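Reviewing the structure listed below.
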Amino acid sequence: VFGPGWTQLLPVLTPYTESGEAIKRVKPVPEAHLCPMHAKIYLPVVPLILLLVVIPSLQAAKNTDGVNLPGHYLISDQLNNRVIEVNSSHHIVWRFGTGSNVAGSRTCVGVNDAQRVGTLTLMACTSIPAGLSDSCTNPDGCLDNRVILVTKTGKIVWQYGKAGVAGSGFNELSFPVQATFLPNHHVLITDQGNQRVIQIGKHRQIVWQYGTTGVDGDGANELSDPNSAELLDDGNVLIADEGNNRVIEVTHTSSPTIVWQYPTTIDTSLLSGPAFASRLPNNNTLITDSGNNRVIEVTRSGTVVFTYVTNTRTGSIDSPSPSRAVRRRNGNTVISDQFNNQVIEVTPAGKIVFTQGEIAVAASTFNRLNGPYDAKVIGDYTGLTAPHPGHRM
Numbered sequence: 006v007f008g009p010g011w012t013q014l015l016p017v018l019t020p021y022t023e024s025g026e027a028i029k030r031v032k033p034v035p036e037a038h039l040c041p042m043h044a045k046i047y048l049p050v051v052p053l054i055l056l057l058v059v060i061p062s063l064q065a066a067k068n069t070d071g072v073n074l075p076g077h078y079l080i081s082d083q084l085n086n087r088v089i090e091v092n093s094s095h096h097i098v099w100r101f102g103t104g105s106n107v108a109g110s111r112t113c114v115g116v117n118d119a120q121r122v123g124t125l126t127l128m129a130c131t132s133i134p135a136g137l138s139d140s141c142t143n144p145d146g147c148l149d150n151r152v153i154l155v156t157k158t159g160k161i162v163w164q165y166g167k168a169g170v171a172g173s174g175f176n177e178l179s180f181p182v183q184a185t186f187l188p189n190h191h192v193l194i195t196d197q198g199n200q201r202v203i204q205i206g207k208h209r210q211i212v213w214q215y216g217t218t219g220v221d222g223d224g225a226n227e228l229s230d231p232n233s234a235e236l237l238d239d240g241n242v243l244i245a246d247e248g249n250n251r252v253i254e255v256t257h258t259s260s261p262t263i264v265w266q267y268p269t270t271i272d273t274s275l276l277s278g279p280a281f282a283s284r285l286p287n288n289n290t291l292i293t294d295s296g297n298n299r300v301i302e303v304t305r306s307g308t309v310v311f312t313y314v315t316n317t318r319t320g321s322i323d324s325p326s327p328s329r330a331v332r333r334r335n336g337n338t339v340i341s342d343q344f345n346n347q348v349i350e351v352t353p354a355g356k357i358v359f360t361q362g363e364i365a366v367a368a369s370t371f372n373r374l375n376g377p378y379d380a381k382v383i384g385d386y387t388g389l390t391a392p393h394p395g396h397r398m
């Protein structure tokens, strides 16, 4: 998979354990002495720089097992502690996560976000706050606090954050709710508990930040429980500033400034607890207005041109708090209707054309979900930050 010459990188790689600690480097083996079996046992967790070699090869790999197919749905099944890939027949064709509430090498606790990067999967292992899930009985909640990148076989090959540790120091996160793989192979992380959006470089250093670490506010360079961040085509960053009931666009510079905001004046009847925002090809912004149980599309001037309300559907609970809405290239919108335990796809006219999960039923059996927080369609990056140049649809 890695291709000829990949072992030449080994002398400069620093592998890390599951908890985030550096381990002793391994000595490279001449390529003539390698066989496919040996290639599989190198570095269970490796630094992000290896992806410069791995990902282009993974993109070109032939799909022979029905996994990672365009049109499949990649779902962050939050309270089932798993990421699943499902086909149009509702069958799971790939999954990561054992369901355990304990952070580990095969688990992702309270996963809020997942993105396919080649055949790898980037996911935000957010944690489960106390009282959110009956399966998490720890009075302090079930902590994870990692962003991980895993292979098709479920091996973690890159990680930022330490399993079960909340912090704001080097290689530490607190309730990371979203992670976006950038075209330059950095990772943009929405670090909600630390009130910041951070860009992580190839050596796990913070190379850009918006929000003052640990400060919950609405002043200059301040956020309140940010819930998502996307890198835009013009280089700016779009942030769903959930606790401040606003979506802002900031410059991606050493001294970031706000260049656009919705609404211009905070009004919770217009926007309440925005959980996600993405910039569409028509320059409108698609926003998950979670507190108002709806999805809206607004123009640059703030005019609402599309609305879909999720709690008026037959069988809905009063406050499902939808957490993600992603526009497909065909014009449909995929909505993670969180506490209705369902992912739905709706047309521009509001007709439901696909569902995963049964409305208001929480379970982990066939065609069931529990608090799905995020869903994307594989191969469709409409409005999202594409991980590789040319992949935006």
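Each residue of the sequence shown is one higher than the one before, counting from 6 in my numbering.
From the three backbone atoms N, C-alpha and C, an ideal C-beta is built for every residue, glycine too.
Just so you know, these numbers come straight off a predicted model, no measurement behind them.
According to DSSP, E235 shares a beta bridge with L243.
The alpha helix (DSSP H) runs lying completely inside the region 276–349 and spanning 4 residues or more number zero. Its chain contains Y313, T338, I357 as the residues whose beta carbon lies nearer than 6 Å to that of V351, once the 5 sequence neighbours on both sides are disregarded; these appear in chain order.
The way I'd put it, the region 278–286 does touch the region 239–256; three or more beta-carbon pairs between them come closer than 8 Å. Residue environment analysis places A391 among the buried positions, since at least 16 neighbouring C-beta atoms fall within 10 angstroms of its C-beta. Rounded to the nearest angstrom, the Cβ distance from L187 to L178 is 17 Å, too far for a contact under 8 Å. By the Cβ-count criterion, P286 is exposed, with fewer than 16 other Cβ atoms from all chains shown falling within 10 Å of its own Cβ. Our two residues, A225 and R334, have alpha carbons roughly 35 Å apart in a direct line.
In the three-state reduction of the DSSP assignment, N250 falls in the coil class, being assigned neither a helical nor a strand state. By the C-beta density criterion, F175 is exposed, having fewer than 16 other C-beta atoms within 10 angstroms. Beta-bridge analysis with DSSP links A135 to no other residue. DSSP places L79 inside the beta strand (DSSP E), whose first and last residues are 78–82. Here the alpha carbon of I340 sits roughly 31 Å from the alpha carbon of V170. Distance between T370 and C147, taken at the CA atoms: about 22 Å. Looking from the CA of I301, the closest CA among D385, D323, E363, G278 belongs to G278. The Cβ atoms of P377 and S81 sit closer than 9 Å to each other. Looking at the DSSP output, C130 sits in a beta bridge with V116, R151. For the 9 Å CB-CB criterion, Y215 and V182 do not form a contact. Here A354 is exposed: its Cβ has fewer than 16 other Cβ atoms, across all protein chains shown, within 10 Å. One Cα belongs to R87, the other to G384, and the distance between them is close to 20 Å. Selection I271, N73, S105, G222 evaluated against R201 yields G222 as nearest (Cα-Cα).
Apart from sequence neighbours up to five positions away, the residues of its chain that approach S132 with a beta-carbon distance below 7 Å are V114, G115, G146, C147, L148, D149, N150, F180, ordered along the chain. With respect to the C-alpha of E227, the residue from T126, I203, G240 having the closest C-alpha is I203. If you look at R100, you'll find it in the beta strand (DSSP E) that goes 97–101.
Pairing A119 with Q343, the inter-Cα distance amounts to about 15 Å. Judged by beta-carbon spacing, T124 lies beyond the 9 Å limit of V91, meaning their Cβ atoms are not closer than that value. Look at Q210 here: in three-state DSSP terms it is coil, with no helix or strand label. Under the three-state reduction of DSSP output, Q197 falls in the helix class. In this structure T142 is exposed. Its beta-carbon is surrounded by fewer than 16 other beta-carbon atoms within 10 angstroms. Relative to the Cα of W213, the nearest Cα in the group D239, S274, T258 belongs to T258.
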